[in-house]
Amino acid sequence: MTDTLITAKNLQIALASNNKTLVKGIDFSIARERVALVGESGSGKSLTARSLMGLLPESLSVRADTLNVLEQDVLSFKVRQWNRLRGNDVTMVLQDPKYALNPTHSIGRQVEEPLILHQKLSHRERQEKVEAMLDAVGLKNPKQLKKMYPHQLSGGMGQRVMLAIALINDPQLLIADEPTSALDHAVRDQVLELIYKLVDERNMGLLLISHDLEQVADYSERVLVMYQGKIVDRLPAKELPNAQHPYTKTLWSCRPNRNKRGQSLPVLDRAELEKLDESA
Ligand SMILES: Nc1ncnc2c1ncn2[C@@H]1O[C@H](COP(=O)(O)OP(=O)(O)OP(=O)(O)O)[C@@H](O)[C@H]1O
Ligand SMILES: [Mg+2]
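Below, the structure written as C-alpha cells:
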C-alpha cells in the first residue's frame, strides 16, 4: 500500500483548440490525509480534480512533468486503464446527487454497480456488501432503501447514497467536489462529518473542494489555495484564520458567515492580486 496517492508536477490543463491554459503548471501531492482545494470560482479546482480521474472532456489536454495516481503514470493511460482505477481505487463525489444518480435505476442497483464492475462476488455477497455500506453511511432500513428510486430521497440521503457508491470498493482516495453545497444547511455538517469519519476509519486520502472555508478549517489538515489556474498558497488548515498570503487572507476575511454559507464569494481586488505569484 503506497502512502503517496497523488503526485502532480507542473500539471497543466489547456484548451486543445488554441492551447489556452486553464491550469498553469501546478505542483502538489496527496498522501493518506485530508487536503482541501479552495479558491474563487473559475480558478481551476474542478479541472484539477477531474484530471486525476481521467474525466476531462476531449476538448481539454493535460500535460505534466509528472502525474502519478497511486504510483501509476496516468499520462499514458488509455480508457481501459482509467476504467480500472476509477470507481475502484479512486472515486469522486460531486455536488448534486440529483444529477449524479440515475433516476431510472433503483438505489440498490446503483450501489451494487461498482461491485459488479470491479469485483467477482456472488449476488448474495454483493447484496450483503450493499446493505452494510448503506448502513455505514447512516441510512436506515437498507433492505427497503435498495428498492427505492432517487426521486424518493432527500438531498442529504441522496448524498449519502453517492458516498456509499464511492466507498463500496474501498478506494484509497476520495475526491469530493463541493459535496455539500447543494444541501440544506442543516445536513451539510452531518454529511461532511460522515465523509471525514469514513475517510479516517478507512485510512484513505481525501481531496475536498469547497467554498466553505470554515468547513475547510474545521475538517481538513492541509489547504491548497488556487487563483487563476495556479496554486498561490499552501498552509495547514488550522492556520487559515491567521493566513499570511494576501489572497488567502482575503478569502478568509470575505468568507460568508455561517448563516450565509453556500453563497458565492464576493469578488476580490484583482489589481492587487494580479501582482501575486506563487509564494508557497
Ligand atoms: N470544458 C471546458 N472548456 C473550456 N473551458 C473550461 C471547461 N471547463 C472549465 N473551463 C474553464 O476553466 C476554468 C476553470 O474551471 P473549473 O471548473 O476548474 O473552476 P472551479 O475552480 O472548479 O470553479 P467553481 O468554484 O465555480 O466550481 C474556468 O474559467 C472555466 O470556465
Ligand atoms: Mg468547480
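Using numbering that gives the first Met the number 0, the letters of the sequence shown correspond one by one to residues 0 to 279.
Even glycine gets a Cβ: it sits at the ideal position worked out from N, Cα and C.
Remember, it's a predicted structure, so these values are computed and weren't measured experimentally.
Remark: the shortest separation between the CB of K229 and any heavy atom of ligand 2 does not fall under 7 Å. The Cβ-Cβ distance between L4 and Q171 falls below 8 Å.
In the displayed model, G24 falls within a strand according to three-state DSSP.
Q143 carries a helical assignment under DSSP once its states are collapsed to helix, strand and coil. Residue state for G53 is assigned as coil, using DSSP reduced to three classes. Rounded to the nearest angstrom, the gap between the Cα atoms of L10 and I25 is 5 Å. Fewer than three pairs of CB atoms, one per stretch, sit closer than 8 Å, so the region 151-166 makes no contact with the region 68-81.
Sorted by chain position, residues whose beta-carbon lies closer than 7 Å to a non-hydrogen atom of ligand 2 are K44, S45, D176, E177 and I208. For T247, the enclosing alpha helix (DSSP H) starts and ends at P245 to S252. By the Cβ criterion, the region 49-56 is not in contact with the region 193-203, since fewer than three pairs of Cβ atoms, one from each stretch, lie closer than 8 Å. Contact between the region 209-225 and the region 175-193 is present: 3 or more CB-CB pairs across the two stretches fall below 8 Å.
Membership of V129 in the alpha helix (DSSP H) is indicated by the continuous run H122 to A135.
Taking a contact as a CB-CB distance under 8 Å, the pair E220 and R31 does not count as one, their CB atoms being some 10 Å apart. Between ligand 1 and L250, a heavy atom-to-CB distance of less than 7 Å is absent.
Per DSSP, reduced to three states, the secondary structure at Q118 is coil, with no helix or strand assignment. A distance below 7 Å between beta-carbons, with the five flanking residues on each side excluded, links M132 to the following residues of its chain, in chain order: V110, A163, L166 and I167. When beta bridges are read from the DSSP output, N67 appears opposite T6 and D72. DSSP lists I230 as the bridge partner or partners of M225. With 16 or more neighbouring CB atoms inside 10 Å of its own CB, E177 falls in the buried class. Contact annotation: P96 and M161 have beta-carbon atoms nearer than 8 Å. The Cβ atoms of T90 and L173 lie closer than 8 Å to each other. The continuous alpha helix (DSSP H) containing R159 extends over residues G154 to L166.
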